[in-house]
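Trainee: Under my numbering, the first residue of the sequence shown is numbered 2, with each subsequent residue one higher.
Please see the structure below; I have some questions.
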Amino acid sequence: MIREDELRDNLQKVRERIQTACVAAGRPEDAVTLVAITKTFPVSDVHALAALGVREVGENREQELRVKAPECPEVVWHFVGQLQSNKARSVVRHAQVVHSVDRSSLVSALSRAAVDEGRVLRCLLQVSLASFGSAEAATGRSRGGVAPADVPALAAEVAAADGLELGGLMAVAPLGSDPDQAFAGLESVASRLRSEHAGADWISAGMSGDLEAAIRHGATHVRLGRALLGTRPPLG
Ligand SMILES: *Cc1c(COP(=O)(O)O)cnc(C)c1O
C-alpha cells in the first residue's frame with residue numbers, strides 16, 4: 002500500500018477511536034485534539050498528515066524537531082520529550098508548545114529563550130503518576146515528571162515567567178499501571194490546577210495504547226505515534 006493511503010486509513014481509525022471514546026465519556030467530539038507524534042518518521046510523513054488535515058505534530062527529541070519543524074511550517078509543533086536546559090533555545094525556536102516542563106531550572110531556561118526570541122511558549126507541566134497505584138515504584142522505572150505535590154509551586158513559576166504561558170498538564174501512564182487509575186489521578190491534579198489557574202485547562206494524556214482511558218478522564222490532547230504511523234524502528 003502506498004504510504005499516503007496507509008496514513009489515511011490509520012488516521013480514520015484513530016479518529017473513530019477518539020470519537021467513540023468521546024461519545025462513551027459523554028464528551029463532545031471536538032473536546033479532544035490529536036497530536037501526531039512523528040518521531041523517527043520522515044518529514045514526508047508530516048507533509049502527508051498535514052495534507053490529511055492533521056494540524057498538531059510533536060517530537061520527543063530536539064535533534065529531530067530542529068530538522069523537521071522548519072520544513073513543515075504548516076503545522077503547530079509540540080515538544081513532548083525530556084528536555085535538557087541547553088536545548089531550550091532550539092525548542093523555543095521550533096515549537097509552540099512544550100509538554101514536558103518538569104523543573105525550575107528548565108522554566109528559567111525556557112523563559113530566557115522565549116524572551117530573547119520574542120515568542121510566547123505554551124508550557125504544560127509533566128506530572129509523574131507513579132503515586133497513583135502504579136507498579137512503577139516497584140520496578141524502579143520512572144517516566145519522569147514533577148510529583149503531584151510539587152505542581153502548584155512549579156505552576157506558579159511558569160505563570161509568573163516572562164515569555165511563558167501555563168497551558169496545563171501532561172502525563173504518561175506508568176509502565177505496568179492501570180491507566181484508568183493513573184489518569185484519574187491526573188484528572189484530580191488538573192482540577193486543582195484549574196482552580197488556581199483557570200486558563201491552564203489542557204490535559205495531554207493518552208497514547209496509542211491507552212487513549213480511551215485518557216479520554217474517560219478528561220484528556221484534551223492525545224499524543225499518538227504508532228497507531229497513526231506504524232511500528233517505529235527501535236531507536237529508543
Ligand atoms: C512516542 C511518544 C508518544 C506516542 O506514543 P505511541 O505509543 O507511539 O502512541 C506519546 N508521548 C510521548 C511523550 C512520546 O515520547
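Note that beta-carbon positions come from the ideal geometry of N, C-alpha and C, so glycine has one too.
Source: prediction; values computed, not measured.
Any contact of the stretch 210-226 with the stretch 26-40, i.e. 3+ C-beta pairs under 8 Å?
Mentor: Contact between the stretch 210-226 and the stretch 26-40 is present, because at least three Cβ pairs lie under 8 Å.
Trainee: Which residues mark the beginning and the end of the alpha helix (DSSP H) in which His95 is found?
Mentor: Residue mapping note: residue 95 aligns to position 94 of the sequence shown, counting from 1. 89-95 is the span of the alpha helix (DSSP H), which, as asked, contains His95.
Trainee: Would Ala32 pass as an interface residue toward chain B - the criterion being a Cβ-Cβ separation below 8 Å?
Mentor: Any reference to chain B falls outside this structure, which holds one protein chain only.
Trainee: Can you say whether Asn1 is buried or exposed, counting buried as having 16 or more other CB atoms within 10 angstroms of its CB?
Mentor: With the chain represented from 2 up to 237, any question about residue 1 goes unanswered, as that position is not in the structure.
Trainee: Does the distance from the CB of Val121 to the CB of Gly164 come in under 8 Å?
Mentor: Indexing the sequence shown from 1 puts residue 121 at position 120. Indexing the sequence shown from 1 puts residue 164 at position 163. A contact, by the Cβ cut-off of 8 Å.
Trainee: By how many angstroms is the C-alpha of Val128 removed from the C-alpha of Ala139?
Mentor: Start at 1 with the first residue of the sequence shown, and residue 139 comes out as number 138. Start at 1 with the first residue of the sequence shown, and residue 128 comes out as number 127. Reliability fails at Ala139, whose pLDDT of 48 lies under 50, so the model's placement of it is uncertain and the value that follows must be treated cautiously. For Ala139 and Val128, the distance between alpha carbons rounds to 18 Å.
Trainee: Could you tell me if Lys69 is buried or exposed, where buried requires 16 or more neighbouring beta carbons within 10 angstroms of its beta carbon?
Mentor: Here residue 69 corresponds to residue number 68 of the sequence shown, with the count starting at 1. Buried, because 16 or more other Cβ atoms sit within 10 Å of the Cβ of Lys69.
Trainee: Between the C-alpha atoms of Ser196 and Gly27, what's the straight-line distance to the nearest angstrom?
Mentor: Numbered from its first residue, the sequence shown carries residue 196 at position 195. Numbered from its first residue, the sequence shown carries residue 27 at position 26. Ser196 and Gly27: Cα-Cα distance of roughly 23 Å.
Trainee: Round the Cβ separation of Arg224 and Ile38 to the nearest angstrom and send it over; I've been treating them as touching at under 8 Å.
Mentor: Residue numbering aside, residue 224 sits at position 223 when the sequence shown is read from its first letter. Residue numbering aside, residue 38 sits at position 37 when the sequence shown is read from its first letter. That belief holds up - the Cβ atoms of Arg224 and Ile38 are roughly 5 Å apart, short of 8 Å.
Trainee: Per DSSP, which one or two residues make a beta bridge with Arg123?
Mentor: Against the sequence shown, residue 123 aligns to sequence position 122. DSSP lists Val98, Glu166 as partners of Arg123.
Trainee: Short of 6 Å in beta carbon distance, which residues of its chain neighbour Arg62, apart from the five on each side in sequence? Order them along the chain.
Mentor: The residue labelled residue 62 in the question sits at position 61 within the sequence shown. So the list reads Gly82, once near-sequence residues are dropped.
Trainee: Can you tell which of Leu170, Ala161, Glu166 has its C-alpha closest to the C-alpha of Val152?
Mentor: Taking the first residue of the sequence shown as 1, we reach residue 152 at position 151. Minimum Cα distance to Val152 is reached at Leu170.
Trainee: Tell me, to the nearest whole angstrom, how far the beta carbon of Leu58 is from that of Leu50; I am working on the premise that it is less than 8 Å.
Mentor: The residue given as residue 58 occupies position 57 in the sequence shown. The residue given as residue 50 occupies position 49 in the sequence shown. It should be pointed out that residue 58 corresponds to Val in this sequence rather than to Leu. Between Leu50 and Val58 the Cβ distance is about 7 Å, and since that is below 8 Å, they are a contact.
Trainee: Consult DSSP for His218 and reduce its assignment to one of helix, strand or coil.
Mentor: Translated into the one-based positions of the sequence shown, residue 218 becomes position 217. In the structure shown, His218 sits in coil (DSSP, three-state: anything other than H, G, I, E or B).
Trainee: When the distance is taken between beta carbons, is His95 closer than 8 Å to Arg56?
Mentor: Here the question's residue 56 lines up with position 55 in the sequence shown. Here the question's residue 95 lines up with position 94 in the sequence shown. Taking 8 Å as the Cβ cut-off, Arg56 and His95 do not qualify as a contacting pair.
Trainee: Any idea what DSSP makes of Leu84, helix, strand or coil?
Mentor: Sequence index remark: in the sequence shown, residue 84 carries index 83 (1-based). Leu84: coil per DSSP, three-state reduction.
Trainee: Does the Cβ-Cβ distance between Leu159 and Asp103 come in under 8 Å?
Mentor: Residue numbering aside, residue 159 sits at position 158 when the sequence shown is read from its first letter. Residue numbering aside, residue 103 sits at position 102 when the sequence shown is read from its first letter. In the sequence as presented, Leu is not what sits at residue 159; that position holds Val. No, they are not a contact pair.
Trainee: Just the C-alpha distance for Pro1 and Leu12, rounded to the nearest angstrom, thanks.
Mentor: This structure cannot speak to residue 1, because the chain is shown only from 2 to 237.
Trainee: What's the C-alpha gap between Ser189 and Pro149?
Mentor: Position 188 of the sequence shown, counted from the first residue, corresponds to residue 189. Position 148 of the sequence shown, counted from the first residue, corresponds to residue 149. For Ser189 and Pro149, the distance between alpha carbons rounds to 10 Å.
Trainee: Within 10 angstroms of its Cβ, does Glu65 collect 16 or more other Cβ (buried), or is it exposed?
Mentor: As a working note, residue 65 is residue 64 in the sequence shown. Classification of Glu65: buried, given that the 10 Å Cβ count is 16 or more.
Trainee: Near Ser209, what residues of its chain come up, given a Cβ to Cβ distance below 7 Å and the 5 sequence neighbours on each side ignored?
Mentor: Numbered from 1 along the sequence shown, position 208 holds the residue referred to as residue 209. Contacts found: Leu225, Gly226, Arg227, Ala228.
Trainee: Helix, strand or coil: how does DSSP classify Ser132 here?
Mentor: Here residue 132 corresponds to residue number 131 of the sequence shown, with the count starting at 1. Three-state result, Ser132: coil.
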